[in-house]
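Have a look at the structure below, then the notes.
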Amino acid sequence: AQTIIDILTKRTYSQRREIAFAYERRAKKDMVSALKGALSGSLETVILGLMKSPSQYDASEIRGSIKGLGTDEETLIEMLCSRSNSELVEIKKVYKELFKKELEKDVAGDTSGNFAKLLVALVKAKRAAASAIVDYDKIDQDARALYESGVKIKGTDVPTWISIMTERSVPHLQKVFDRYKSYSPYDMQESIRKEVKGDVQSSFLVLAQCIENKQLFFANRLHDAMKSKGAKEKLLTRIVVSRCEVDLRKVCNEYKAHFGQSLQQTISEHTKGDYQKALLSLCGPEE
Numbered sequence: 007a008q009t010i011i012d013i014l015t016k017r018t019y020s021q022r023r024e025i026a027f028a029y030e031r032r033a034k035k036d037m038v039s040a041l042k043g044a045l046s047g048s049l050e051t052v053i054l055g056l057m058k059s060p061s062q063y064d065a066s067e068i069r070g071s072i073k074g075l076g077t078d079e080e081t082l083i084e085m086l087c088s089r090s091n092s093e094l095v096e097i098k099k100v101y102k103e104l105f106k107k108e109l110e111k112d113v114a115g116d117t118s119g120n121f122a123k124l125l126v127a128l129v130k131a132k133r134a135a136a137s138a139i140v141d142y143d144k145i146d147q148d149a150r151a152l153y154e155s156g157v158k159i160k161g162t163d164v165p166t167w168i169s170i171m172t173e174r175s176v177p178h179l180q181k182v183f184d185r186y187k188s189y190s191p192y193d194m195q196e197s198i199r200k201e202v203k204g205d206v207q208s209s210f211l212v213l214a215q216c217i218e219n220k221q222l223f224f225a226n227r228l229h230d231a232m233k234s235k236g237a238k239e240k241l242l243t244r245i246v247v248s249r250c251e252v253d254l255r256k257v258c259n260e261y262k263a264h265f266g267q268s269l270q271q272t273i274s275e276h277t278k279g280d281y282q283k284a285l286l287s288l289c290g291p292e293e
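Each residue of the sequence shown is one higher than the one before, counting from 7 in this note's numbering.
Here it is as C-alpha cells:
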C-alpha cells in the first residue's frame, strides 16, 4: 500500500493516467481493477477517486447523491454550489458520457420547488465571466434588488435572488454583497438565514460563502468533518480528493489562518493508518 500511496498521491491526474496505460500494457490487466483487488476501506476510496479526472470524480459524486432511495442533499448542494461555471460545464459533459443522462434532468427530477430552481439555474451554467470593467451602477442595482426582494418585504422573491446569484460573475457579486450592507441591516449570509429555510437556505449559504471565499468554505467543511471523535471520512475524502488539483494548497492556508492549527495536524489527529498517509500526502508538506 505504501508504494501505491507514494506513487499515486504525488502525481497529477494526467500522470496517473499515463501510469495506468503503461500498467495495462505491461500487466495485461486494468489497473483500476487491480487497485480494487489490492485495497479496501477508506484508502481504496481515496485511491480510486484519484484515478478519475476531477470532473469525472465530481460527476460520480453528484450521481451518487441522487441515485437510489432518497437524496443526499448535503453532498448535492456542496457539489453544485461550490463549483465554478467552467467546472460545471465540464461536469455536465462528463455526466452525460458516464451515465447517459442529462444532469439538469436528474437534478430537476430529484428535487422540488425553489431548491430545484436554484440547482437547475446553477447547472445551466449561465454565470457571466469576470470582467475587467467594474460596473458600479449594476453593482448598486443588484444590491438593491437583493434587498428589495428579500429583507425589505414580507416573504422573499426567491427567483430574483436565484437569477442574481447564479448569473453574475463572482468578483461582481463580491462587490454586490459589500454594497448590500448599505441597504440591509443584515449582511447577505444573515439575510439568507432570515429569509429562507431548509435546503434552499443551505444552498444559498454555500453559494454566498463560496462567492465570498471559496477556500475558506472548504476549510470550514473540513473542520466540520473532523469536529467530533474520528472523522466524517466520506466528506473528508471528497474534499481532499476533489480539490487536490484545484485549490487544496490555498484551502490548507485558509485552514491554518482560520483555525490556528494546520489541516495536516488535524488530519493526523482524526485519522489513522494508510488512509491518513494518503490524505497527508495529497495535502503536501506544511508551509
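Cβ coordinates follow ideal geometry from the N, Cα and C atoms, glycine included.
Test item: CB-CB of residue i and residue j under 8 Å
i: Ala65; j: Val100; result: yes
i: Lys42; j: Glu50; result: yes
i: Ala6; j: Leu241; result: Coverage of the chain is limited to positions 7 through 293, which leaves residue 6 absent and any answer about it impossible.
i: Val182; j: Ile145; result: yes
i: Met85; j: Glu103; result: no
i: Ala134; j: Arg185; result: no
i: Leu56; j: Leu14; result: yes
i: Ser188; j: Ser197; result: no
i: Ser20; j: Thr243; result: no
i: Ile11; j: Lys283; result: yes
Candidates the options, of which the one nearest residue i by Cα
i: Pro291; options: Leu254, Tyr153, Thr277; result: Leu254
i: Ile168; options: Leu152, Arg199, Phe183; result: Leu152
i: Ala131; options: Asp143, Glu218, Glu110, Arg150; result: Glu110
i: Lys233; options: His276, Leu222, Tyr192, Met194; result: His276
i: Pro60; options: Leu179, Gln8, Val95; result: Val95
i: Thr166; options: Ala149, Asp280, Gly115; result: Ala149
i: Gln270; options: Ser287, Gly279, His264; result: Ser287
i: Lys256; options: Lys238, Gly266, Asp280, Gln221; result: Gln221
i: Asn219; options: Ala237, Val176, Lys238, Gln207; result: Val176
i: Thr81; options: Gln282, Lys238, His178, Cys289; result: Lys238
i: Ala40; options: Tyr19, Ala26, Tyr142, Ser90; result: Ala26
i: Gly76; options: Arg22, Val113, Asn91; result: Val113
i: Asp141; options: His178, Arg32, Gln207, Lys235; result: His178
i: Gly266; options: Gly236, His229, Cys289, Lys278; result: His229
i: His264; options: Cys289, Lys278, Gly236, Arg227; result: Arg227
i: Arg23; options: Glu93, Ala44, Lys58; result: Lys58
Coarse secondary structure for residue i, derived from DSSP in three states
i: Lys102; result: helix
i: Val252; result: coil
i: Lys58; result: coil
i: Tyr192; result: coil
i: Ile198; result: helix
i: Ala7; result: coil
i: Met76; result: The amino acid at residue 76 is misidentified as Met; the sequence shows Gly. It is coil, neither helix nor strand.
i: Asp12; result: helix
i: Glu50; result: helix
i: Pro165; result: helix
i: Ala284; result: helix
i: Val38; result: helix
i: Thr172; result: helix
i: Lys144; result: helix
i: Ile139; result: coil
i: Arg31; result: helix
i: Lys235; result: coil
i: Ser88; result: helix
i: Lys107; result: coil
i: Ser209; result: helix
i: Lys262; result: helix
i: Glu293; result: coil
Beta-carbon proximity list for residue i, same chain, < 8 Å, skipping 5 on both sides
i: Ser294; result: As displayed, the chain neither begins before 7 nor continues past 293, which places residue 294 out of reach and without an answer.
i: Asp205; result: Glu79, Ile83, Thr117, Phe121
i: Thr162; result: Ser155, Gly156, Glu201, Val202
i: Asp193; result: Phe183, Tyr186, Lys187
i: Arg17; result: Ile25
i: Lys107; result: Tyr101
Cβ neighbours of residue i in the same chain (closer than 7 Å, five flanking residues each side left out)
i: Cys87; result: Leu128, Ser209, Val212, Leu213, Cys216
i: Asp36; result: Glu30
i: Gln180; result: Ile217, Glu218
i: Arg32; result: none
i: Ser137; result: Ser175
i: Ile5; result: Beyond the ends of the chain as shown, which are 7 and 293, falls residue 5; an answer cannot be given.
i: Phe105; result: Arg69
i: Gln207; result: Ile198, Arg199
Cβ shell of residue i (< 6 Å), same chain only, five flanking positions each side left out
i: Leu285; result: Val246, Ile273
i: Arg199; result: none
i: Thr172; result: Ala127, Leu128
i: Gln62; result: Val100
i: Ile97; result: Ser61, Asp64, Ala65
i: Ala7; result: Asp280
Any non-hydrogen atom of the ligand NAD closer than 7 Å to residue i Cβ
i: His276; result: Absent from the structure shown: the ligand NAD. Ligands present: none.
Next on the checklist: With three or more C-beta pairs closer than 8 Å as the rule, is the region 149-165 touching the region 61-78?
Outcome noted: With fewer than three CB-CB distances shorter than 8 Å, the region 61-78 does not count as touching the region 149-165.
Worksheet item: Counting Cβ pairs, one atom from each stretch, are 3 or more of them under 8 Å apart for the region 243-252 and the region 119-126?
Response: Per the Cβ contact rule, the region 243-252 is not in contact with the region 119-126 (fewer than 3 Cβ pairs under 8 Å).
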